[in-house]
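Here is the structure we will look at.
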Amino acid sequence: LVRSRHCRLCKRCVRTYDHHCPWINNCVAENNRSLFLLYLYSEDITIFFFLKHVVKSMYYLVFCDNGYLFSCLLVLFLVLVFFFIIIFCLAIYHTYLCVINETTYENIRKNVPIQLEAPNKINESSFFLSCTESVLIYFCYFPVPFLFLRKIRLRLLSLFFNDNNITFGKTGEIIWKKKNKPPYNVGNFFFIIVEAFVKFLRNKHLI
């Protein structure tokens with residue numbers, strides 16, 4: 028299938044392969060990428076509230092003669108801020124990939140200057156549908172427990188995606204088809220801003 032890739036760590040082929048995440052010890056792909064994005068935001072929210080309590084505790088310790096505990100909280104504060112920024116940047120990056128219907132693997136490959144590829148392919152995604160459709164298929168395609176629910180999901184998705192750019196297999200898998208024309212307007216102000224932000228994060232090795 029198009030967009031599938033063999034994972035050397037999982038030792039299996041993965042549909043709509045995004046990347047292998049060591050933190051969850053699994054591949055992020057077609058079935059769980061929406062859950063992974065929600066996981067990133069939930070982690071950031073948790074760290075934010077934890078930071079709130081740490082700052083409050085540090086404020087009270089300023090007026091107490093307990094420098095050791097204050098130093099420990101300061102180190103904890105710096106560690107939490109570091110992880111908050113890293114996870115937030117990663118969440119923004121995957122939100123951007125969700126909107127343009129790209130995977131991490133595809134996005135990194137298209138930003139690597141390869142002479143064999145045409146220059147006008149740098150800012151294009153061959154699988155972009157529309158912002159609404161990209162988000163819809165990103166969040167609708169996750170494992171559901173019952174066959175009845177899977178059939179309902181497949182029927183609803185078939186109604187939304189009735190063009191020739193995407194079809195569904197017998198077991199509900201997505202069968203992607205590349206587009207020949209540029210899928211989204213690379214001159215769009217929103218995409219220019221986000222592309223610049225993503226490149227900045229990549230240059231700083233934050234993603």
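Each residue of the sequence shown is one higher than the one before, counting from 28 in the numbering used here.
Ideal placement from N, C-alpha and C gives every residue a C-beta, glycine not left out.
**OP:** Kindly list the residues whose CB is nearer than 6 Å to the CB of Arg30, restricted to its own chain and excluding five residues on each side of it in sequence; keep chain order.
**Re:** Thr43 and Trp203
Subject >> Proximity to Cys99 [Cα-Cα], best of Cys54, Ser61 and Ser84 >> reply: Restricting attention to Cys54, Ser61 and Ser84, the CA atom closest to the CA of Cys99 is found in Ser84.
Subject >> For Ile113 and Ile149, the rounded distance between their alpha carbons >> reply: Reliability fails at Ile149, whose pLDDT of 38 lies under 50, so the model's placement of it is uncertain and no value is given.
**OP:** Return the residue from the list Leu107, Phe227, Cys91 and Leu184 that minimises the CA-CA distance to Glu70.
**Re:** Taking only the C-alpha atoms, the option nearest Glu70 is Leu107.
Original post:
Any idea if Arg32 is buried or exposed, counting beta-carbon neighbours within 10 angstroms, 16 or more meaning buried?
Top reply: Arg32 is buried by the Cβ-count criterion.
Original post:
Do you know whose CA, among Ala223, Tyr165 and Asn52, lies nearest Leu64's CA?
Top reply: Tyr165
Subject >> Assumed close pair Ser161, Cys125 - CB separation to whole angstroms, cut-off 8 Å >> reply: 7 Å
**OP:** Helix, strand or coil for Val126, going by three-state DSSP, please let me know.
**Re:** Note: Val126 maps to helix in three-state DSSP.
Subject >> Per-residue DSSP class, three states only, for Arg180 >> reply: helix
Subject >> Whole-angstrom distance between Val102 and Thr159, CA atom to CA atom >> reply: 42 Å
Original post:
Looking at His47 and Leu36, is the spacing between their C-beta atoms short of 8 Å?
Top reply: yes
Subject >> Among Cys116, Phe155, Leu105 and Glu57, the one whose alpha carbon lies nearest that of Tyr68 >> reply: Cα-wise, what sits closest to Tyr68 is Cys116.
**OP:** Please name the residue or residues paired with Arg48 in a DSSP beta bridge.
**Re:** What sits at residue 48 in the sequence shown is Cys, not Arg. As computed with DSSP, Cys48 is found in a beta bridge with Asn53.
**OP:** Tell me, please, which residues DSSP counts as bridged to Val41.
**Re:** Arg32
Subject >> Short Cβ contact (8 Å threshold) for Thr122 with Asp45 >> reply: no
Subject >> Burial state of Pro146, where buried means 16 or more other Cβ atoms lie within 10 Å >> reply: Reliability of the predicted coordinates at Pro146 is poor, the pLDDT of 43 falling under 50, and the value obtained from them is presented with this limitation in mind. Result: exposed.
Subject >> Residue span of the alpha helix (DSSP H) that contains Tyr168, given as start and end >> reply: Unbroken run through Tyr168: none, as it is neither H nor E.
Subject >> Straight-line gap, Leu28 to Ile179 (C-alpha atoms, nearest Å) >> reply: 23 Å
Subject >> Phe111 vs Phe76 beta-carbon contact at 8 Å >> reply: no
Original post:
Considering only the beta carbon of each residue, do Phe97 and Leu88 sit closer than 8 Å?
Top reply: Contact check for Phe97 against Leu88 passes: the beta carbons are separated by less than 8 Å.
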